[in-house]
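Number 274 marks the last residue of the sequence shown (numbering that gives the first Met the number 0); no jumps.
Shown next, in structure tokens, is the structure this report addresses.
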Amino acid sequence: MANEDSVLREVDEALDEERQWAFFQKNGPALIVGAALLVVGVAGWQFWSHMKTQQAEEQALELSAAVDLLAEDPVAGRAALDKVAEEGGGYGALATLRQANSYAAGGERLKAVELYREVANGDAPRRLREFAQLRAALLSLNDGRDAVMSDLGGLAEEDGPYSYHAREILGVAALNEKDYESAVVAFNELALDMSAPEGVRERATEFAQLAEEAKAGVNIFGETRLEDVMSSVGADDGASAPAETTATGDAPEDAAEDSESGAAADDPDDPSHEE
């Protein structure tokens, strides 16, 4: 019996070897090719990843140099930023935002709005696109409420860090249009929203009072600038603060705050991070 068992095991082993050899003869070439492709694919991915990292580092250095140059020579700095922007990606979007800030600071509002809209409608990281929407809307206050609403899109209704600032800008747009009823409602809702940043709530309270006075017949316009009102209540000079706009529709002069700082001083998010 022991001999028979040994013979049977040997037969089984021989059959297994024959089956394995037959399988290899049939599928071996495909397996070898597949393994080779896997090795090549992994190596290719590692090479691509290395190149992307190297490219991003070089682009970051180019952006930093362009920003330094912008402080010394706006014309040359904008040209250098344009070169970085053409390379695309997150750093390219930041370069375009820097360009827009520079144009806004120089009083070239329409050019600044154009560049902000370019980022907002592009393929930049979400937070950068939302920041660009805010900046475009802020500068569009001079063009009327429809322009502001077009630039903001659905940002005011979204659950994000910039939605409060978008609602604030919409309230100012209503105030500029002398739609005091809508302005009162917008600012009161914002002032009572405990999830909104403290600075936004404080400004909303002051603007709600201003809108109430206008609704009651008080002339809040004349030569009074909204930025003066904001200054009187100690509001910050953040990028999203309606203080950059005026009740008479004058173009803002201080719209060039650093694009990486976020929409306002009370907004901790850094828009340069990808989502």
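Where is the CB? At the ideal position from N, CA and C, for every residue including glycine.
Check	Outcome
Secondary structure of residue 217, DSSP reduced to three states	coil
Cβ-Cβ distance between residue 144 and residue 172 below 9 Å	yes
For residue 196, three-class secondary structure by DSSP	coil
Same chain, Cβ closer than 7 Å to residue 135, five either side skipped, listed in chain order	112, 115, 116, 119 and 150
Backbone CA spacing between residue 208 and residue 194 [nearest angstrom]	21 Å
Beta-carbon proximity check, residue 76 vs residue 70, cutoff 9 Å	yes
Straight-line Cα distance separating residue 168 from residue 98	22 Å
CB-CB length for residue 154 against residue 176, believed under 8 Å	Going by Cβ atoms, the distance from residue 154 to residue 176 rounds to 19 Å, so no, they are not a contact pair.
Cβ-based burial, residue 65 [other Cβ within 10 Å; buried from 16]	buried
Span separating the alpha-carbon of residue 199 from that of residue 108	25 Å
Under the three-state DSSP convention, the category residue 73 falls into	helix
Pairwise C-alpha distance: residue 25 and residue 157	58 Å
Burial state of residue 182 (16 or more Cβ within 10 Å)	buried
N-terminal and C-terminal residue of the alpha helix (DSSP H) that residue 110 is part of	108 to 119
Beta-carbon separation (whole angstroms), residue 138 vs residue 103, contact threshold 8 Å	6 Å
Contact set for residue 131: own chain, Cβ-Cβ below 6 Å, skip 5 residues either direction	115, 118 and 119
Endpoints, alpha helix (DSSP H) assigned at residue 175	162 to 175
Top-ranked residue by Cα proximity to residue 86, from 68, 213, 58 and 178	58
Burial state of residue 63 (16 or more Cβ within 10 Å)	exposed
Opening and closing residue of the alpha helix (DSSP H) in which residue 127 lies	125 to 138
N- and C-terminal bounds of the alpha helix (DSSP H) containing residue 150	144 to 151
Assigned exposure category for residue 216 - 16 Cβ within 10 Å defines buried	exposed
Beta-carbon spacing of residue 203, residue 187 below 9 Å	yes
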